[in-house]
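I have placed the structure first, in the form of structure tokens, so that the comments after it can refer back to it.
Chains as they are written, first to last, in the working numbering: chain A, 12 to 127; chain B, 780 to 893.
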């Protein structure tokens, strides 16, 4: 069983640019969520996708958007990058199967975004 | 709005000590609580998951307890080792809504000295 994988691992952008981060969920997991973790802080919930639709969103502006594909992989897109967007972006997936009610989330290694 | 607090922010102990990390949350209407480990610059590794109806969970040298009514959880690490050095995060999932949204604390940075 493969785990959650994210790409790229590191990237550098300049203010005003756009970025796309990618996530492949753990095998059999159809729910994917994204988190932003600033240095020294706990992760903050951005949004969640289930069956290709957004079904939950945290306190993030519309320039943070996402997609989920039929194979359950997902993308996080951020437009008009700001300096404060510099952070570790984490993707998490969870299972719909017999243990769905446990609600356990499994995280990837993250994508480190630096905005200059 | 759910708020999660972890105390202490940092902890340094000699190898072999037993230790307790604390987590408190303001809204007791939770679905579950999850403890994670994070190594520097890395993702989160799930350690223990406690459902709201449970009191504790154990895995190896780790034991996590949950007192939902008082809004508290503890992570007990027995016989600490230098390899346990990492940041430990607790997170709660709210009881309502379909989104599996977690609210995290800021973590406790643990250093185990050889």
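For glycine and all other residues, C-beta sits at the position ideal for the given N, C-alpha and C.
- Residue-level contact by beta carbon holds for residue 56 of chain A and chain B, with a gap shorter than 8 Å.
- Assignment of residue 94 of chain A by DSSP, reduced to helix, strand and coil, places it in the helix class.
- With contacts defined as CB atoms closer than 8 Å, residue 838 of chain B and residue 798 of chain B fail to qualify as a contacting pair.
- Of A/89, A/82, A/117, A/121, the smallest CA-CA separation from residue 100 of chain A is found for A/121.
- Rounded to whole angstroms, the Cβ separation of residue 117 of chain A and residue 39 of chain A is 11 Å, and the two are not in contact under 8 Å.
- Residue 833 of chain B and residue 845 of chain B have their alpha carbons spaced roughly 7 Å apart.
- Contact of residue 18 of chain A with chain B by beta-carbon distance below 8 Å is absent, the smallest such distance being about 13 Å.
- Taking each of A/31, A/28, A/35, A/26 in turn and checking the Cα distance to residue 81 of chain A, the smallest one comes out for A/35.
- Residue 119 of chain A carries a coil assignment under DSSP once its states are collapsed to helix, strand and coil.
- Here the C-alpha atom of residue 86 of chain A lies approximately 28 Å from the C-alpha atom of residue 780 of chain B.
- Listed by position along chain B, the residues whose Cβ is nearer than 7 Å to that of residue 71 of chain A form an empty set, because the closest Cβ is around 12 Å away.
- What residue 880 of chain B touches in chain A, judged by beta-carbon distance under 8 Å, is 44, 56, 59, 67, 69, going in chain order.
- Taking a 10 Å sphere around the C-beta of residue 19 of chain A, we find fewer than 16 other C-beta atoms and assign the residue as exposed.
- Residues of the stretch 781-806 of chain B with a C-beta atom less than 7 Å from some C-beta of chain A do not occur.
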